[in-house]
Structure formats: structure tokens, C-alpha cells
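Here's the structure we're looking at; comments come further down.
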Amino acid sequence: MLFRKERLDWRYGITELVIVVAGVMIALGADQWVRGRADIGLEGRYLDDLAIDLRSDTAQLGAAIRLAESRASLGHSVLRAAAGDTILAPTDLVVFLERQFYFAFPAYSRTTMSDLMSTGNLRLIRDRELRRRLSEYYQTIDRLEQWTENWRLVQQDVERIMPELLPLRLREATISPSAPRAGWTGTWDAPPWTPEFVVSESQAGQIMARLQAHPEARFRIEGMVRVQGNQFGVLTEIRKQALGTLQAVEHAVSNR
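Residue numbers (our numbering): -12 to 243.
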């Protein structure tokens, strides 16, 4: 009888163990399911935010590309005028000369990607190809900082000689409401203290004479034209990458 009782106790114990293990497994499975659903929801929010960031980037890049192209054209016009191949109106000469070396740098939206990287949540993006594209795009714009520093050095060389070519009054006057808005397609309100923009033929002649006689001016402006063209090409390629990455994100959003 004792032996039979022990056998019954063992069966009971095994049954209880199976029930406990099954309960634990069910609980773990349910927890994993809940977490999986939460991760999918969080992935969706990240994808939405990434799409917003990339749309902003493509708009910023588009504006910078247009301005780089426009300002390269301004510098080229100044060089042609200095060589006697064309004639610029007095106001155009001043505005083109002053604005040909300005840069427009895109303000990239890195907030969402930075959050994904710092929290380790990049793993939530289930599409491996999309993760790769995102990493490559943001690495590209980080590497662009090296180009930016080189571009700024050339810009500083041009800025250094500008006081020798243009009087300060005329440089300040290029932000007057009456000044032509060469290279700019947006709108802005000039400060009320800026002077009226007026350039006489005599002043334009003096400026051109300084430009033609200066030992560095045309060489520096040629360099600036090349830099603006370089920026145009680099940013155009980055914008293509941004658009491709945006399309991949939007595809992931539509399929979630």
C-alpha cells in the first residue's frame, strides 16, 4: 500500500510540475506577445518620425542646391564682367560680387535617428535593408562636415578681400529692401536701419577697376565658383540618397 501511495504521489507531483511549467510558458508567451505588439507600435512611430525628418532634409537640401547653383552663376557673371565679356548694371555688379560667396548649409533633422541609436531601438526596425539605408544616409551627412570645413576655408579667403573691393556702405546696403535679391527665392524683411540701395555708374566703375587690378580677387572668385559647383554636386547626390531612403521608409510605413 505504501508503494502504491508513493506512486500516486509521484504522478501527482509530475502533474503539478507540468501545470506550473505550462503556466509559466503561457505567461512568458503572453508577455512576449504583448512586448512584440508594443515594439511594433513603437516601430511605427519611429517610421513616421523618420519620414518627417527625411522630408525636411530633402526640402532643406533642395533649397541649398538651388542657392549653390544661383551663386555659382553670380560669381561667373562677375568674372565675365571683369574679363570684358559682359556688362553688369551697377546694382547687379555690387549684389553679384557681394553674394557670390555666401553658402547655404542644410539643417539636417537627426533627432529620430539619434534617439534610435542612443536607446538601441534601431533593432525595432525589422527591415534589415532599411536599417542599412538609414545608417548609410546618416553616415553620409556626418562625413559631409569634412567638406563643409574645406568650403568654409575658401569662403574665408574671399571674405578677406571683399573690403578691398566693396565699400562697407554698399555691402550693408545689399540687405536693403531696394536691393535686388539675387540668388534668393524666399522672402525676408530687412532691418529698418539699412540704407537705400543706390549705386552710381561712377561707383561701379571704381569697383570694377579695383576688381581687375586686385592680385587675388579673380583667382579667389574662380575658386568660389568651383566650390559652389562642388557643393551643388555633393548636395545633389545626398538629396538623391535622402529621397531613396524616404521612399524606403514610406514603403515600410505602408506595409506595417
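All C-beta atoms, glycine included, are put in the ideal place defined by N, C-alpha and C.
- Within 10 angstroms of the beta-carbon of serine 101 lie fewer than 16 other beta-carbons, which makes it exposed.
- A straight-line Cα-Cα distance of about 23 Å links arginine 58 and alanine 200.
- By the CB criterion at 7 Å, glycine 210 and valine 141 fall inside the cutoff.
- Per DSSP, reduced to three states, the secondary structure at valine 185 is coil, with no helix or strand assignment.
- By the beta-carbon neighbour count (other beta carbons within 10 angstroms, threshold 16), phenylalanine 206 is exposed.
- Nearest C-alpha to alanine 50 among Leu222, Gln228 and Ser105: Leu222.
- Within the stretch 60 to 101, the complete alpha helix (DSSP H) segments at least 4 residues long are 77 to 86, listed from N- to C-terminus.
- Considering only Glu30, Ser64, Asp44 and Leu29, the residue with the shortest C-alpha distance to isoleucine 225 is Asp44.
- Distance from valine 236 to valine 81 at the Cβ level is roughly 45 Å; contact not present, criterion being Cβ atoms closer than 8 Å.
- Secondary structure note for glutamate 136: its alpha helix (DSSP H) is the uninterrupted segment 115 to 152.
- Rounded to the nearest angstrom, the gap between the Cα atoms of valine 212 and aspartate 35 is 39 Å.
- Classified as buried, glycine 62 has 16 or more neighbouring CB atoms from the shown chains inside 10 Å of its CB.
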